[in-house]
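Residue numbers (our numbering): 78 to 282.
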């Protein structure tokens, strides 16, 4: 069957998201900012937020271990929008072309439940998605099978082969392919555009 639906990851596919950006603003020494995100507010720690654990609750143990970093730890949630730097280059134009071609567009993101409204309000282009499946609201994260099943249900249970899933993490794409979706590991908007043309989701300009 022809691919007709595009399911997008958000962070570092549609939105330029780097927590280090926030801490480079908060620390005078860039090396200390690097150490902080590598050793204190790590991506493994952040996974709890993506599963739906409230940020304030998840911060407690970390603050107890690093009390001198309390303000920086709380900033992960309180200054969430400072972790973004607009859209990934080229993606607004590419998504606009897909919308103009009337392709059904959806999103599937590992994201804390508490940040959803601010993120959507901060990036109006996200409103083009017919639905956004958010891990923090569902209590399950990529690359676990259940969240892909949730996404398929929210898309109206299409044949998985009808769906192209785009994510910057190979393990997330592999999980989608394992249930029958087509997959694309995102590296740039231009490479993605080539894939969309090949699959007939876009027509040449």
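Quick reminder that beta carbons are idealized off the backbone N, C-alpha and C, glycines included. Everything numeric in this text was worked out from a predicted model, so none of it was measured.
Query: Would residue 147 be called buried (16 or more neighbouring beta carbons within 10 Å of its own) or exposed?; Result: exposed
Query: Helix, strand or coil: which one does DSSP assign to residue 266?; Result: helix
Query: Grab me the residues of residue 209's own chain with a C-beta within less than 8 angstroms of its C-beta, minus the 5 sequence neighbours each way, in chain order.; Result: 87, 183, 184, 185, 186, 193, 197 and 203
Query: Would residue 96 and residue 114 be called neighbours here (beta carbons separated by less than 8 angstroms)?; Result: yes
Query: Mind reading off the beta-carbon distance from residue 190 to residue 213? Whole number of angstroms is fine, and I expect it under 8 angstroms.; Result: 3 angstroms
Query: Report the rounded CA-to-CA distance for residue 84 versus residue 271, giving the unit in angstroms.; Result: 16 angstroms
Query: Beta-carbon within less than 6 angstroms of residue 262's beta-carbon, same chain only, minus the 5 sequence neighbours each way: which residues are those?; Result: 247 and 250
Query: When the Cα atoms are used, what is the spatial distance from residue 176 to residue 273?; Result: 13 angstroms
Query: Given this structure, state the Cα-to-Cα distance separating residue 99 from residue 277, to the nearest angstrom.; Result: 39 angstroms
Query: Can you tell me where the beta strand (DSSP E) holding residue 244 begins and where it ends?; Result: 240–244
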